[in-house]
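2 protein chains.
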Amino acid sequence: MTGDTRRPSKLADVARLSGVSTATVSRCLNTPDRVVPATREKVLKAVAELGYAPNFSARALAARQTFTIGAVIPTMENAIFARGIQAFQEELGRLGYTLLIASTSYQESLEEEQIRNLAARGSDGLLLIGHHRSNRVLDFLQGREIPALVAWAHNDGTAALPAIGFDNAGAMAELTREVLARGHRRIGVISAQTAANDRARLRVAGIRATLADVGLGSAALSVIETQYGFDAGGAAFSALMSQEASPTAVMCGNDVLAVGALRAARELGISVPNDVSITGFDDIEIATLVDPPLTTIHVPHGAMGHRAAQMLVQMVTEKRLNMPSVELSTTIVLRATLGPSPGND
Amino acid sequence: MTGDTRRPSKLADVARLSGVSTATVSRCLNTPDRVVPATREKVLKAVAELGYAPNFSARALAARQTFTIGAVIPTMENAIFARGIQAFQEELGRLGYTLLIASTSYQESLEEEQIRNLAARGSDGLLLIGHHRSNRVLDFLQGREIPALVAWAHNDGTAALPAIGFDNAGAMAELTREVLARGHRRIGVISAQTAANDRARLRVAGIRATLADVGLGSAALSVIETQYGFDAGGAAFSALMSQEASPTAVMCGNDVLAVGALRAARELGISVPNDVSITGFDDIEIATLVDPPLTTIHVPHGAMGHRAAQMLVQMVTEKRLNMPSVELSTTIVLRATLGPSPGND
DNA sequence: ATGGGAAATGAAAGCGCTTGCATTGCTTCG
DNA sequence: CGAAGCAATGCAAGCGCTTTCATTTCCCAT
């Protein structure tokens, strides 16, 4: 155990100690089966003795591979991304990759910068959120031949990048049917900003389409777009409820907004679900902790993170820029915030 | 704009196009003031024209600096770490560094592995959580001369690594005084596992010490250690309340545990704070969303993340392994879950 | 035994950048 | 007007690893 000495030992040290060439040591570490067991043993012993750990920068430079995956996400503060990214990172670790992380704080302009940065740092692959993205970025990725995978969204065939996610519009449509089935005919919607967020857009679209299916036009619908956050959700809810013909059900684009709305309802003395129903999207932990527990759409974040890691690593190792997109299924979780319409029509 | 072409252009391409040596280009990019303005301009023009971006692996290898900071945290799923890490990452980005992240899933044995991994990947500095750590790791860090900063904990002078955080014991002691002031004399504690978690340990110690101050021995105290999570918190609460002389106040090691306890209380038909008081630690968002809102200790996670990034980068650029620790102050947030003791003594 | 072919190993050329030292070109002053 | 001094630049040697290609070794069929 001469490890942890002054200067970290390098490949050449191991080679010298074990009496082989650096090439053989390298092969021992990277392609063990290309080396005869006796040699391998000898080398591994030297490695242990020296406490040798390869220098990743050198390796990256020589092999043009960093064993690093970059992720550009809006924020980690959000439980939704945090959970998925945690699973992503765990699986990545299992596969021998490390996660390089950058966030955009929901600023579209920052995303391109972060992507270029992570690319310059040699990320072998990139995890991106949602499809909304300029052609310039797409061209950059393609030109550099960097595999990229989109998560939290599904690729219906029209998008440029492969994706793993779920059918945002479909899931919301299904929930809308539940809402309609309970007699609601005036629907309020609290959505995240849709301009640079295809997920938010699709969720609203799912509601619109379902309403149209039963002959309900935009008169039945009242949509508010707002920032992300509990307070923003609450404010939007108040606004919605102070309209003259206020909605009997308020569907929210995500659980955070929904919980904010719930809190506002409590403060306003509006009973949920007796006076008004509220629904969410995501099924983060808080949905079960509020009172009454939130009816929402369960999204398999953990599974998505895991699969995303596997897919991305596969793209990297097989040098593929494309891959069949996978759609995960969501389920509606009926808890207590969705009830029959008060019928005060 | 010949950028984004087939092969990413390299330093030599820029040198050729601008008619200078690679050394000058390098200096232009890294130490602009060591190059005469006319040359600089010429080079920068070539850089723009080629869409040149430096290869970080090569740079890292040559300069022995990666502009990368590693963080080893228990998990990102936890809102507590997520917020602090988000702030840390933002500030890091501002300073030109990128975050390499690894998590241990609260497994002590994994931490060392992750630290070595991040070190091998050339992290210029490391952010670690809490002081609990083997000497082997400490020696490793010191031998490799890698600056490391501990967050979420305070260094009272006895710890090996500089720290930024708060006085876990002191904060909890203060809260305990509030509890005692309300007449509570039988205190239950729900703590995270203390074996490998100095923060949890100190929080419990803070309670113990304060009780001792007023002459209350261990008979007044009933401590349960449990896993992290809402359900675990709930289960621990049930266990505590089913004791013969059940506590009139339950102090929890963190908000997640406290909210779990709160939910369990509701399910058991125990009224908070009439029948029993509950307190948390951290003041994560959920504390304001539950009903009744949770009395807890506010911790400046965002500020801590920011400062941590600044301190660590300073350590890196000044090549210091040490630095004065900073203590952030916490505040008690009295909301609704702490009330007077029912006095059924 | 022995030649042939596959498997194992070694030698050495980079990967793209930084940086110590040598060189060039100015300015400045005696 | 020339030498000294200094700023700007260039040269070239690495940084620690991977990988191609050549060489050696080994095994087995003959």
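As given, the protein sequences belong to chains A and B, one line each in that order. Here the first sequence is numbered in this note's numbering, starting from 1 and rising by one per residue. Here the second sequence is numbered in this note's numbering, starting from 1001 and rising by one per residue. Don't be surprised by glycine CBs; every beta carbon is placed ideally from N, CA and C. All values derive from a computational prediction rather than experimental measurement.
Exercise. Is there at least one Cβ from chain B nearer than 8 Å to M311 (chain A)'s Cβ?
Worked result: Chain B, which has no Cβ nearer than 8 Å to the Cβ of M311 (chain A), makes this no.
Exercise. Among A:A160, A:L138, A:V276, which residue has its Cα nearest to the Cα of R186 (chain A)?
Worked result: Among A:A160, A:L138, A:V276, the Cα nearest to that of R186 (chain A) is on A:V276.
Exercise. How would you write the range of the alpha helix (DSSP H) that A1151 (chain B) sits in, first residue to last?
Worked result: Here A1151 (chain B) belongs to no alpha helix (DSSP H); instead the beta strand (DSSP E) covers 1148-1151.
Problem set entry | Collapsed DSSP secondary structure at I207 (chain A) in the structure displayed | In the three-state reduction of the DSSP assignment, I207 (chain A) falls in the helix class, which pools H, G and I.
For this session: Could you confirm whether any beta carbon from chain A is found closer than 8 Å to the beta carbon of S1057 (chain B)?
Result: Yes, S1057 (chain B) lies at the interface with chain A (some Cβ there is under 8 Å from its Cβ).
For this session: Grab the span of the alpha helix (DSSP H) containing I1350 (chain B) for me, first residue to last.
Result: Nothing can be reported for residue 1350 (chain B), as the shown portion of chain B is limited to 1001 through 1345.
For this session: Report the neighbours of R1121 (chain B) on chain A: residues whose CB is nearer than 7 Å to its CB, in chain order.
Result: What R1121 (chain B) touches in chain A, judged by beta-carbon distance under 7 Å, is F56, T98, going in chain order.
For this session: Determine the DSSP secondary structure at G157 (chain A), reduced to helix, strand or coil.
Result: Coil, per DSSP.
Exercise. Leaving out five residues before and five after L1334 (chain B) in sequence, what residues of the same chain have Cβ atoms less than 6 Å from its Cβ?
Worked result: Here L1334 (chain B) has T1295 as same chain residues with Cβ atoms under 6 Å from its own Cβ, once five neighbours each way along the sequence are excluded.
Problem set entry | Beta-carbon proximity check, S123 (chain A) vs I146 (chain A), cutoff 8 Å | Closer than 8 Å, so yes.
Problem set entry | Neighbouring residues, chain B, relative to E41 (chain A) (Cβ below 7 Å) | Neighbours of E41 (chain A) across chain B, judged by C-beta separation under 7 Å, do not exist; the nearest C-beta is about 23 Å away.
Problem set entry | Between the CA atoms of V47 (chain A) and A23 (chain A) - distance to the nearest angstrom | Roughly 14 Å between the two C-alpha positions.
Problem set entry | Min CB distance T1075 (chain B) to chain A below 8 Å | Any Cβ of chain A closer than 8 Å to the Cβ of T1075 (chain B) would place that residue at the interface, and such an atom is present.
For this session: Starting from the C-beta of E1111 (chain B), find all residues in its chain whose C-beta is less than 7 Å away, skip the five residues before and the five after it, and write them out in chain order.
Result: Exclusion of the five residues before and after E1111 (chain B) leaves V1072, T1104 as the residues of its chain whose Cβ lies within less than 7 Å of its Cβ.
Exercise. Span of the alpha helix (DSSP H) holding G1260 (chain B)?
Worked result: Counting along the chain, the alpha helix (DSSP H) containing G1260 (chain B) begins and ends at 1255-1268.
Problem set entry | 9 Å Cβ cut-off: residues of chain A touching D1291 (chain B) | For D1291 (chain B), the residues of chain A that pass the 9 Å Cβ criterion are R263, R266, V290, D291, in the order they occur in the chain.
Exercise. Alpha carbon to alpha carbon, how far is L118 (chain A) from I1164 (chain B)?
Worked result: For L118 (chain A) and I1164 (chain B), the distance between alpha carbons rounds to 28 Å.
Exercise. M1076 (chain B) by DSSP, collapsed to three states: which one?
Worked result: When DSSP states are grouped into helix, strand and coil, M1076 (chain B) belongs to the coil group.
Exercise. Which class does S1238 (chain B) belong to by DSSP, given the choice of helix, strand or coil?
Worked result: In this structure, DSSP gives S1238 (chain B) a helical state, which the three-state scheme calls helix.
Problem set entry | Of the listed residues B:V1316, B:M1315, B:H1306, nearest to G1093 (chain B) (C-alpha basis) | Comparing C-alpha distances from G1093 (chain B) to each of B:V1316, B:M1315, B:H1306 shows the shortest one belongs to B:H1306.
For this session: Identify the contact partners of R94 (chain A) in chain B, using a Cβ-Cβ distance below 7 Å as the criterion.
Result: The contact set of R94 (chain A) on chain B, defined by CB atoms closer than 7 Å, is empty, because the minimum CB distance reaches about 11 Å.
For this session: Starting from I1190 (chain B), trace the beta strand (DSSP E) both ways and give me its first and last residue.
Result: Counting along the chain, I1190 (chain B) sits inside the beta strand (DSSP E) bounded by residues 1187-1192.
Problem set entry | DSSP three-state assignment for D1282 (chain B), whether helix, strand or coil | In this structure, D1282 (chain B) counts as strand in the three-state DSSP scheme.
Exercise. Are S57 (chain A) and T1066 (chain B) closer than 8 Å when you measure CB to CB?
Worked result: Yes, they are a contact pair.
Exercise. So what does M251 (chain A) bridge to, in DSSP terms?
Worked result: Answer is A:V189, A:T279.
Problem set entry | H298 (chain A) (DSSP reduced to helix, strand or coil) | Three-state result, H298 (chain A): strand.
Exercise. If you measure from the beta carbon of Q314 (chain A) to each beta carbon in chain B, is any gap under 8 Å?
Worked result: Taking CB atoms only, Q314 (chain A) has no neighbour in chain B less than 8 Å away.
For this session: With DSSP collapsed to three states, give me the class of A12 (chain A).
Result: Reduced to three states, the DSSP call for A12 (chain A) is helix.
Exercise. Hey, out of B:S1026, B:G1206, B:E1113, B:E1108, whose CA is closest to C1252 (chain B)'s CA?
Worked result: The residue with the shortest Cα to Cα distance from C1252 (chain B) is B:G1206.
Exercise. How about A1102 (chain B): is its C-beta nearer than 8 Å to some C-beta of chain A?
Worked result: The beta-carbon of A1102 (chain B) is placed less than 8 Å from the nearest beta-carbon of chain A.
Problem set entry | Start and end residues, beta strand (DSSP E) containing L126 (chain A) | Counted as a single uninterrupted DSSP element, the beta strand (DSSP E) harbouring L126 (chain A) occupies residues 125-129.
For this session: Return the CA-CA distance between G1343 (chain B) and T1248 (chain B), expressed in angstroms with no decimal places.
Result: The straight-line gap from Cα to Cα measures roughly 8 Å.
For this session: Name the one or two DSSP bridge partners that G1165 (chain B) has.
Result: In the DSSP output, where bridge partners are listed per residue, G1165 (chain B) has B:E1327.
For this session: With 8 Å as the threshold, decide whether the Cβ of N1117 (chain B) is near any Cβ in chain A.
Result: Yes, N1117 (chain B) counts as interfacial toward chain A.
Problem set entry | Coil, strand or helix - L1346 (chain B) by DSSP | Here chain B covers residues 1001 to 1345 and nothing more, so residue 1346 (chain B) does not appear.
Problem set entry | Near-chain A residues of the stretch 1007-1022 of chain B (beta-carbon distance less than 9 Å), N- to C-terminal order | Within the stretch 1007-1022 of chain B, the residues whose Cβ lies closer than 9 Å to some Cβ of chain A are P1008, listed in chain order.
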